[in-house]
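Asker:
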Amino acid sequence: DGGITQSPKYLFRKEGQNVTLSCEQNLNHDAMYWYRQDPGQGLRLIYYSQIVNDFQKGDIAEGYSVSREKKESFPLTVTSAQKNPTAFYLCASSPGPAGEQYFGPGTRLTVT
Amino acid sequence: ELKVEQNPLFLSMQEGKNYTIYCNYSTTSDRLYWYRQDPGKSLESLFVLLSNGAVKQEGRLMASLDTKARLSTLHITAAVHDLSATYFCAVEGSGAGSYQLTFGKGTKLSVIP
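Keeping their order, the protein sequence lines are chains P and Z.
The opening position of the first sequence corresponds to residue 2 in this note's numbering, with each subsequent residue numbered one higher.
The opening position of the second sequence corresponds to residue 62 in this note's numbering, with each subsequent residue numbered one higher.
1) Using a cut-off of 9 Å between C-beta atoms, extract the partners of Z/K64 located in chain P.
2) With respect to the beta strand (DSSP E) encompassing Z/I82, which residues constitute its N-terminal and C-terminal limits?
3) Please report the straight-line C-alpha distance between P/R109 and P/Y11, rounded to a whole angstrom.
4) In this structure, what does DSSP give as the bridge partners for P/Q7?
5) Check Z/H136 in the structure and name its three-state DSSP category.
6) Determine whether the beta carbon atoms of P/G59 and Z/G165 lie at a separation below 7 Å.
7) Does DSSP put Z/L144 in a helix, a strand or coil?
8) Output needed in chain order: residues of the region 152-173 of chain Z with a Cβ under 7 Å from some Cβ in chain P.
9) Does any CB atom of chain P fall closer than 7 Å to the CB of Z/S133?
10) Rounded to whole angstroms, what is the Cα-Cα separation between Z/I173 and Z/S73?
11) Determine whether the beta carbon atoms of Z/F149 and Z/G167 lie at a separation below 7 Å.
12) Contact criterion: CB-CB distance below 7 Å. Does Z/V116 meet it with respect to chain P?
13) Near P/M33, what residues of its chain come up, given a Cβ to Cβ distance below 6 Å and the 5 sequence neighbours on each side ignored?
14) Since P/L12 meets chain Z, which of its residues come closer than 7 Å, beta carbon to beta carbon?
15) From the DSSP output, read off the bridge partner residues of P/A93.
16) Please classify Z/D99: does DSSP put it in a helix, a strand, or coil?
17) Can you list the residues of chain P that Z/Y94 reaches, using a CB-CB cut of under 7 Å?
18) Which bits of chain Z does P/P106 rub up against, with CB to CB less than 8 Å?
19) Measuring only between beta-carbons, confirm whether P/G43 sits less than 7 Å from chain Z.
20) Return the Cβ separation of Z/L93 and Z/G154 in integer angstroms, given the expectation that the two are a contact with Cβ distance under 8 Å.
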């Protein structure tokens with residue numbers, strides 16, 4: 002089955018630790034995205050990548066980092082510089098730079 | 062900067078009633094998407110609207126796009142409990158390198174018997 006997987010589903014970390022969220026897709030999509038969702042809010046774009054080995058900052062990139070070494074993988078690292086990292090993180094992909102985006106199941110990160 | 066505003070943000074409606082959710086946006090765009098999110102879950106695509114005047118229907122939901130007015134509507138007909146969820150509209154930016162989606166804050170719909 003084609004789709005997007007994110008792991009883990011739930012993640013708990015202590016303040017000051019870096020943590021990496023996994024996102025993998027087997028849809029052969031060129032573009033991938035990371036969003037953050039806070040309670041009662043819409044999605045905000047963290048980073049996106051339109052092609053392997055290239056990525057751009059979104060609206061709230063501070064405290065986050067990404068890599069895109071393979072077409073199917075787009076991991077997100079939440080660094081200790083992110084002041085309020087507790088949130089629901091969603092990964093998405095699209096066939097090209099524009100158009101409908103398909104979402105993974107999400108990772109809920111709690112930092113205490 | 063593209064801004065997307067949905068209203069209402071909260072909607073409690075009785076089963077069998079009709080209602081409309083509105084999505085206004087601030088700059089020119091020809092592409093708009095509607096998504097559904099159940100509590101604790103990811104986003105599920107509902108409708109893709111790609112031109113002025115586009116209308117799509119699926120079951121009790123119908124979405125339309127008026128690019129001149131920068132307005133999309135999601136109309137609910139004869140609501141049932143299964144439609145309870147949060148609905149998001151997302152607008153695609155236009156121009157080279159600006160194809161990103163900007164999301165509204167969502168409309169939380171509760172359908173009560």
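No residue lacks a Cβ here, since even glycine has one placed at the ideal position from N, Cα and C.
Model, not experiment: these values are computed from the prediction.
Answerer: Taking the structure as given:
1) By 1-based counting over the second sequence, the position of residue 64 of chain Z is 3. The contacting residues do not exist; Z/K64 stays about 11 Å from chain P at best.
2) Translated into the one-based positions of the second sequence, residue 82 of chain Z becomes position 21. That run of the beta strand (DSSP E) goes 80-86.
3) As a working note, residue 109 of chain P is residue 108 in the first sequence. As a working note, residue 11 of chain P is residue 10 in the first sequence. Their Cα atoms are separated by approximately 5 Å.
4) Here residue 7 of chain P refers to the residue found at position 6 when the first sequence is read from its first residue. P/C24, per the DSSP bridge assignment.
5) The residue labelled residue 136 of chain Z in the question sits at position 75 within the second sequence. Strand.
6) Stepping through the first sequence from its first residue, residue 59 of chain P is reached at position 58. Stepping through the second sequence from its first residue, residue 165 of chain Z is reached at position 104. No, the Cβ-Cβ distance between P/G59 and Z/G165 is not below 7 Å.
7) Counting from 1 along the second sequence, the entry for residue 144 of chain Z is found at position 83. Reduced to three states, the DSSP call for Z/L144 is helix.
8) Answer set for the region 152-173 of chain Z: E153, Y160, Q161, L162, F164, G165, K166, G167.
9) For the purposes of this step, residue 133 of chain Z is identified with residue 72 of the second sequence, where counting begins at 1. So no, Z/S133 is outside the interface.
10) By 1-based counting over the second sequence, the position of residue 173 of chain Z is 112. By 1-based counting over the second sequence, the position of residue 73 of chain Z is 12. So the two alpha carbons sit approximately 7 Å from each other.
11) In the second sequence, residue 149 of chain Z corresponds to position 88, counting from 1. In the second sequence, residue 167 of chain Z corresponds to position 106, counting from 1. Result yes, Cβ atoms of Z/F149 and Z/G167 sit closer than 7 Å.
12) Numbered from 1 along the second sequence, position 55 holds the residue referred to as residue 116 of chain Z. Taking 7 Å as the threshold, the shortest C-beta distance from Z/V116 to chain P does not fall below it.
13) Here residue 33 of chain P refers to the residue found at position 32 of the first sequence. Around P/M33: S50, F75, S94.
14) Locating residue 12 of chain P in the first sequence gives position 11, counting from the first residue. Under the 7 Å cutoff, chain Z gives no residues; its nearest Cβ is about 15 Å from P/L12.
15) In the first sequence, the residue the question calls residue 93 of chain P occupies position 92. Bridge partners of P/A93: P/Y34, P/F104.
16) Along the second sequence, read from residue 1 onward, the residue named residue 99 of chain Z stands at position 38. Note: Z/D99 maps to coil in three-state DSSP.
17) Along the second sequence, one-based indexing puts residue 94 of chain Z at 33. Chain-order list of chain P residues neighbouring Z/Y94: E101, by C-beta distance under 7 Å.
18) In the first sequence, counting from the first residue as 1, residue 106 of chain P sits at position 105. Near P/P106 (Cβ distances below 8 Å), the residues of chain Z are K102, S103.
19) By 1-based counting over the first sequence, the position of residue 43 of chain P is 42. P/G43 counts as touching chain Z.
20) As a first step, residue 93 of chain Z must be located in the second sequence, where it is residue number 32. As a first step, residue 154 of chain Z must be located in the second sequence, where it is residue number 93. Actually they are not in contact, since the Cβ atoms of Z/L93 and Z/G154 sit about 11 Å apart, beyond 8 Å.
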